[in-house]
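For the sequence shown, the working numbering assigns the number 240 to the initial residue and increments by one for each residue that follows.
One structure is given below, encoded as structure tokens.
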Amino acid sequence: MALLPVLLPVSYVRQATMLNLYGVSIGFFALWPTFDRKSNLVDALTVANLANDEVVRNIRSREMLIVGRQEANWICIDVNGLVFRIDITSCPEPTFSLIARDFEVFLLLIGNLHEISEQNEGNPVAGAEEMRKCCIALSCDHVQYGFWERMAMDMSS
């Protein structure tokens, strides 16, 4: 269990403590890493990150920890606080994508994505445009914007 406190960035710990993330979902994003709802965040983080499968070992080797999910894909945070989505469902090898510069920005992005997709339901182009404005305001780079634009298009469809 000592593995987790050493690697979790202060920014994540602050948000997780303040917001009590266990069992919380926003849109397609779950803010805890397991599918179990009868535990607590520390236990869920421990179970997810100490699993002995190839993908989890790959994540740990990159000094990342699994902190949540986007449907069946992992949301990870590295020791510097960067947030990644690890796609484990659409290709044979996991794909690592940087999606936010820190966990607080990640929370702002998923909250805005959820609101934008509801306001623009049936109009994916308008949803993507609103998400672009959000990404600019939160200083996302073009790769991050591409991820959030696709999410807005999918969720607004």
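Backbone N, C-alpha and C define an ideal beta-carbon position, used for all residues, glycine too.
Note that this is a predicted model, so its numbers are computed, not measured.
Answer with buried or exposed for residue i, where buried requires no fewer than 16 other C-beta atoms within 10 angstroms of its C-beta.
i	result
E187	The structure shown does not extend to residue 187, since the chain is modelled only from 240 through 396, so no value can be given for it.
N312	buried
G361	exposed
R253	exposed
R324	buried
N279	exposed
From residue i to residue j, what does the alpha carbon distance come to, in whole angstroms?
i	j	result
I265	Q309	10 angstroms
S378	Y384	9 angstroms
V281	A290	14 angstroms
D317	I375	23 angstroms
M394	T285	31 angstroms
A287	I327	14 angstroms
V322	S250	11 angstroms
Excluding five sequence neighbours on each side, which residues of the same chain lie with their C-beta closer than 8 angstroms to the C-beta of residue i?
i	result
A241	Because A241 sits at a pLDDT of 44, beneath the cut-off of 50, its placement in the model cannot be relied upon, and the following sentence gives the value as read from the coordinates. If we look at A241 and ignore the five residues flanking it on each side, it has no Cβ neighbours.
V245	Below a pLDDT of 50, predicted positions are generally treated as unreliable, and V245, at 49, falls in that range; no measurement from the model is reported.
Sorted by chain position, which residues of the same chain lie with C-beta nearer than 6 angstroms to residue i's C-beta, five sequence neighbours on each side aside?
i	result
C373	N351
L258	none
To which residues of the same chain is residue i closer than 7 angstroms at the C-beta, ignoring the five residues directly before and after it?
i	result
I349	I265, G266, F268
G262	W271, R276
V382	L337
- prompt: Below 8 angstroms, can you find three or more Cβ-Cβ pairs linking the region 340-347 to the region 286-304?
  reply: no
task: Could I get the ranges of all uninterrupted beta strand (DSSP E) runs contained in the region 290-318, with 3 residues as the minimum, in chain order?
output: 303-309, 312-317
query: Would you call the region 364-373 and the region 315-333 in contact, with 3 or more CB pairs under 8 angstroms?
result: In short, these stretches do not touch, since the Cβ pair count stays below three.
task: With a floor of 3 residues, list each beta strand (DSSP E) that falls wholly inside the region 339-373, ordered by position along the chain.
output: For secondary structure counted as the beta strand (DSSP E) over 3 or more consecutive residues, the region 339-373 holds no complete run.
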